[in-house]
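Residue numbers (this note's numbering): 17 to 482. I have placed the structure first, in the form of structure tokens, so that the comments after it can refer back to it.
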Ligand SMILES: *Cc1c(COP(=O)(O)O)cnc(C)c1O
């Protein structure tokens with residue numbers, strides 16, 4: 017298998033195309049764009065049908081193979097997949113729970129840090145380690161987290177000797193459990209940086225550092241936030257998995273995805289482009305509703321970030337939306353123009369034809385804070401299932417869709433214990449908290465707190481790399 021002809025291009029038109037091996041280690045393209053495959057590989061219907069008899073790992077092999085080339089032979093890909101999912105606490109990897117005949121939860125939180133980011137990050141750790149050993153190289157990983165990415169990245173790389181990892185998080189703006197998943201990891205190659213600012217400020221710092229191309233080269237800097245293509249690629253798998261287990265005939269299907277950086281839901285859009293029968297993708301937002309507003313009016317306008325009960329999607333800058341816009345327009349000059357508008361004017365305006373095209377595949381609804389609490393409570397009372405605030409956003413948003421669907425699949429992106437204070441105060445129960453998390457709360461923490469200043473962060477990185 018493998019696909020030597022598939023190349024990756026920048027959304028902003030940079031001339032040089034990359035191969036799989038390089039796209040994994042590049043963050044942003046030199047022109048500031050994101051890498052995307054030139055075309056979407058398709059899986060034929062028989063292959064997709066056969067998934068109902070396959071394990072998650074086997075489905076992953078089928079879905080990922082078309083994106084990789086000869087630098088990663090089939091046998092090695094299989095080994096990487098098996099290692100990546102060996103730390104999950106459920107043999108189905110992403111099991112499904114049923115709320116009623118229409119509503120299902122796709123549980124994406126059975127990895128080591130209890131959120132869906134593990135699905136990709138466990139894989140990427142193994143994948144990069146494979147290439148680094150082969151190339152005899154060393155990398156410095158740099159990422160920003162709104163809470164869950166960083167923990168998953170640290171877990172994915174803590175044992176990888178050929179790497180150091182630097183993770184920025186917004187100081188005091190993530191939950192205690194989220195923070196402790198990162199700061200209690202003992203490995204020497206892990207550095208946590210708390211930035212006195214928002215998640216968007218952290219992302220801007222990362223983007224600035226990566227835009228210093230010389231520095232990036234000199235330090236072998238690598239990104240693992242959701243702009244990294246491998247992240248998206250791994251997330252395509254569970255859409256195929258979900259329908260292999262739930263779809264029998266021609267049911268109308270909607271996935272509802274609590275959305276921040278637009279990586280997770282983009283993976284669903286790609287699954288659809290690869291041939292999976294998805295009718296609609298619902299962009300579920302909390303009160304940071306920039307994407308909901310964009311679909312309504314075409315006006316993509318930044319506001320200040322609001323802290324909510326679902327902090328992992330407290331975002332205004334939704335980086336992967338650029339990949340969708342490129343795929344829909346195939347016009348890198350246009351993308352460059354609107355992204356400059358976003359940077360300079362804090363907004364851009366999409367034409368009706370573009371928003372119409374988006375709305376062929378996507379809808380979007382926003383969920384308020386009080387609705388989140390009510391949904392957590394109702395789901396507990398009616399189904400005896402404890403959901404986290406992000407899953408509640410996904411569920412509440414799906415309930416606002418006017419069209420009728422046979423299968424409404426909500427991506428359950430985090431274990432409720434990751435937001436235990438919010439959840440336990442709503443349901444007055446703490447029995448859902450696993451002992452692993454209880455124990456972790458008492459471990460020592462290691463982190464450095466820095467002002468919101470690119471140079472300070474860069475200096476810290478310089479001082480702590482070879
Ligand atoms: C990261 C995250 C999201 C949002 O995913 P994006 O790919 O950034 O849209 C949703 N829920 C949880 C729990 C997350 O950690």
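C-beta: ideal position from N, C-alpha, C; glycine also.
Residue j beta carbon less than 8 Å from that of residue i
i	j	result
residue 200	residue 469	no
residue 438	residue 382	no
residue 183	residue 209	yes
residue 190	residue 274	no
residue 221	residue 211	yes
residue 156	residue 422	no
residue 349	residue 29	yes
residue 279	residue 252	no
residue 365	residue 315	yes
residue 308	residue 380	yes
residue 216	residue 331	yes
residue 245	residue 84	no
residue 335	residue 243	yes
residue 23	residue 42	no
residue 14	residue 311	Examination of residue 14 is not possible in this model, given that the chain is present from 17 through 482 alone.
residue 7	residue 386	Given that the chain is displayed from residue 17 to residue 482, the structure contains no residue 7 and the question cannot be resolved.
residue 130	residue 431	yes
residue 361	residue 124	no
residue 391	residue 226	no
residue 412	residue 388	yes
residue 399	residue 115	yes
residue 236	residue 165	no
residue 429	residue 36	no
residue 476	residue 464	yes
residue 153	residue 178	yes
As assigned by DSSP and simplified to three states, the class of residue i
i	result
residue 365	strand
residue 217	helix
residue 180	strand
residue 238	strand
residue 394	helix
residue 33	coil
residue 267	coil
residue 22	coil
residue 101	helix
residue 145	helix
residue 515	With the chain running from 17 to 482 in the structure shown, residue 515 is simply not present.
residue 279	helix
residue 561	The shown model of the chain, from 17 to 482, leaves out residue 561, and the question about it has no answer.
residue 50	coil
residue 562	Here the chain comprises residues numbered 17 to 482, so residue 562 is not present and cannot be evaluated.
residue 296	strand
residue 479	helix
residue 119	strand
residue 379	strand
residue 203	coil
residue 212	strand
residue 402	coil
residue 333	coil
residue 134	helix
residue 82	helix
residue 155	strand
residue 420	coil
residue 113	strand
residue 439	helix
residue 274	strand
residue 467	strand
residue 63	helix
residue 70	coil
Nearest-angstrom Cβ-Cβ length linking residue i and residue j, presumed shorter than 8 Å
i	j	result
residue 414	residue 424	5 Å
residue 171	residue 128	5 Å
residue 327	residue 163	6 Å
residue 272	residue 410	5 Å
residue 113	residue 453	20 Å between Cβ atoms; not a contact.
residue 351	residue 341	6 Å
residue 324	residue 304	7 Å
residue 317	residue 363	4 Å
residue 462	residue 449	About 23 Å; that fails the 8 Å criterion.
Residue i CB to nearest heavy atom of ligand 2 below 7 Å
i	result
residue 128	Of the ligands one can find in the structure shown, namely ligand 1, none is ligand 2.
Decide if the stretch 109 to 120 is in contact with the stretch 251 to 261; the criterion is three or more beta carbon pairs, one per stretch, under 8 Å apart.
-> yes
Any contact of the stretch 274 to 294 with the stretch 58 to 73, i.e. 3+ C-beta pairs under 8 Å?
-> yes
Taking three-plus beta-carbon pairs below 8 Å as touching, is the stretch 362 to 381 in contact with the stretch 76 to 92?
-> no
Contact between the stretch 82 to 102 and the stretch 132 to 149: three or more CB pairs below 8 Å?
-> yes
Stretch-stretch touch, CB-based, cutoff 8 Å, three pairs: the stretch 300 to 314 with the stretch 260 to 270 | no
The stretch 146 to 153 contacting the stretch 42 to 55, beta-carbon criterion three pairs below 8 Å = no
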